[in-house]
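Undergrad:
Numbering (this note's numbering), first residue to last: -5 to 229.
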C-alpha cells in the first residue's frame, strides 16, 4: 500500500519538488508562492498547512508550512524526506536574539543547533548527537546573502520546546556558550535530515532580542523576511 497521501499531506507522487522551503506559518508559504513562484499548484490544504509547487528562475521549488515547534516540523519533514523523495528542506523562520553579536534584521544561518527537546532520544544514541546543517547549502546561503548585501551571522542556535520560559535566566547559560539566538524547529529538522541521509539548512531573521527588548514592527518583519526568502529561493 502506498504511504501517500499521508494523514497530514494530500499530495500525490511527483507533486512536490526535490527542494522545499519551510516557513513555520502556512500563510507565509502562501505569500511566497503568490509573490515569487510561477505556474503555482497547491498540493496541500490538510489542517490549513498550505503547500505549493511552482518555479523560480526556471527551477522547480515547493514551499510548505511546518507549524510551530519540533513535533510539528518533525512530522512534516519526516514525510517529505521519506514519503515524497524530497532531497533538501530549507527552513525560513524568525528567532529571538540572545548574543550581542546579532542585531534586529540580521540573517542567522544555523550551523549547529542546541536543544532542550527530548526529540533526539528516539534515535537511541549512546551519547549526545550534534544536529548540524548541510555544508553545501550553508555555504551557498552565506555566498548569496553577501552578494545581496544582507547582514549574515553563522553559528549555533538554540532550538527550544518552550516559548514562554518560566525563568528567563535559563537563557543566560546558552548565551554564555556563544549561542546566537533561539527558535523552535531546527533541531528536529536537522535530526530528521541526518537520519534520512538528506540535506537541510535553517535561515532565521532576528525579529526581536531577548536581552535588549528591541523588536521589529509587523511591517519591518515583512521587509526583513523578504530578504531571507530571496536567499532561500536561490539555494
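Even for Gly, the Cβ is constructed at its ideal location relative to N, Cα and C.
Treat the numbers as computed from the prediction; the structure is a model and nothing was measured.
Between the Cα of residue 62 and the Cα atoms of 86, 126 and 161, which residue gives the shortest distance?
TA: The count along the chain shown starts at 1 and reaches residue 62 at position 68. Ranking 86, 126 and 161 by Cα distance to residue 62 puts 86 first.
Undergrad: Apart from the five residues on each side of it in sequence, which residues of its chain come closer than 8 Å, Cβ to Cβ, to residue 168?
TA: Sequence index remark: in the chain shown, residue 168 carries index 174 (1-based). Excluding sequence positions up to five before and after residue 168, its CB lies within less than 8 Å of the CB of 92, 108, 152 and 176, all in the same chain and listed in chain order.
Undergrad: What are the boundary residues of the alpha helix (DSSP H) that includes residue 70?
TA: As a first step, residue 70 must be located in the chain shown, where it is residue number 76. Counting along the chain, the alpha helix (DSSP H) containing residue 70 begins and ends at 64 to 76.
Undergrad: From residue 170 to residue 150, what distance separates their C-alpha atoms?
TA: Stepping through the chain shown from its first residue, residue 170 is reached at position 176. Stepping through the chain shown from its first residue, residue 150 is reached at position 156. One C-alpha to the other measures close to 12 Å.
Undergrad: Would residue 206 be called buried (16 or more neighbouring beta carbons within 10 Å of its own) or exposed?
TA: Position 212 of the chain shown holds residue 206. Counting every other CB atom within 10 Å of its CB across the protein chains shown gives residue 206 a total below 16, marking it as exposed.
Undergrad: Excluding the five sequence neighbours on either side, which residues of its own chain have a C-beta within less than 6 Å of the C-beta of residue 23, listed in chain order?
TA: To locate residue 23, count along the chain shown from 1; it is residue 29. Counting only Cβ-Cβ distances below 6 Å, and skipping sequence neighbours, we find 17, 44, 57, 58 and 59.
Undergrad: According to DSSP, residue 57 sits in a beta bridge with which residue or residues?
TA: As a first step, residue 57 must be located in the chain shown, where it is residue number 63. In the DSSP assignment, the residues bridged to residue 57 are 15 and 46.
Undergrad: Among residues of its own chain, excluding the 5 on either side of residue 66, which ones have a beta-carbon nearer than 7 Å to its beta-carbon?
TA: If you number the chain shown from 1, residue 66 lands on position 72. Around residue 66: 60.
Undergrad: Tell me, which residues are paired with residue 149 by DSSP?
TA: For the purposes of this step, residue 149 is identified with residue 155 of the chain shown, where counting begins at 1. For residue 149, which the question treats as bridged, DSSP gives the partners 104.
Undergrad: Could you tell me the boundaries of the beta strand (DSSP E) in which residue 85 lies?
TA: Here the question's residue 85 lines up with position 91 in the chain shown. It spans 82 to 91 - the beta strand (DSSP E) in which residue 85 sits, taken as one unbroken run.
Undergrad: Please check the pair residue 163 and residue 100, which I expect to be a contact at CB under 8 Å, by giving their CB distance rounded to whole angstroms.
TA: Sequence index remark: in the chain shown, residue 163 carries index 169 (1-based). Sequence index remark: in the chain shown, residue 100 carries index 106 (1-based). The Cβ separation is near 24 Å, so there is no contact.
Undergrad: Residue 203 to residue 194, Cα distance in whole Å?
TA: Within the chain shown, residue 203 is the residue found at index 209, counting from 1. Within the chain shown, residue 194 is the residue found at index 200, counting from 1. So the two alpha carbons sit approximately 25 Å from each other.
Undergrad: Whole beta strand (DSSP E) runs in the region 130 to 183 with 3 or more residues, listed along the chain?
TA: The region 130 to 183 contains these whole beta strand (DSSP E) runs: 146 to 153 and 175 to 177.
Undergrad: Throw me the rounded Cβ distance for the residue 135 and residue 197 pair, which I believe falls under 8 Å.
TA: Locating residue 135 in the chain shown gives position 141, where the first residue counts as 1. Locating residue 197 in the chain shown gives position 203, where the first residue counts as 1. Their Cβ separation, rounded to whole angstroms, is 6 Å, which keeps residue 135 and residue 197 in contact under 8 Å.
Undergrad: Give a yes or no on contact between the region 28 to 45 and the region -4 to 11, applying the rule of three or more CB pairs nearer than 8 Å.
TA: yes
Undergrad: Just tell me which of 214, 219, 35 and 172 has its CA closest to the CA of residue 11.
TA: Your numbering for residue 11 matches position 17 in the chain shown. The shortest Cα separation from residue 11 among 214, 219, 35 and 172 belongs to 35.
Undergrad: Please identify the residue among 30, 70 and -3 whose C-alpha is closest to the C-alpha of residue 220.
TA: Counting from one through the chain shown, the residue named residue 220 turns up at place 226. Per the C-alpha coordinates, the member of 30, 70 and -3 positioned closest to residue 220 is 30.
Undergrad: State the Cα-Cα distance for the pair residue 190 and residue 76, rounded to the nearest angstrom.
TA: Position 196 of the chain shown holds residue 190. Position 82 of the chain shown holds residue 76. Whole-angstrom Cα-Cα distance: 7 Å.
Undergrad: Can you tell which of 21, 182, 133 and 172 has its C-alpha closest to the C-alpha of residue 115?
TA: Mapped onto the chain shown, residue 115 falls at position 121. For residue 115, the nearest C-alpha among the options comes from 182.
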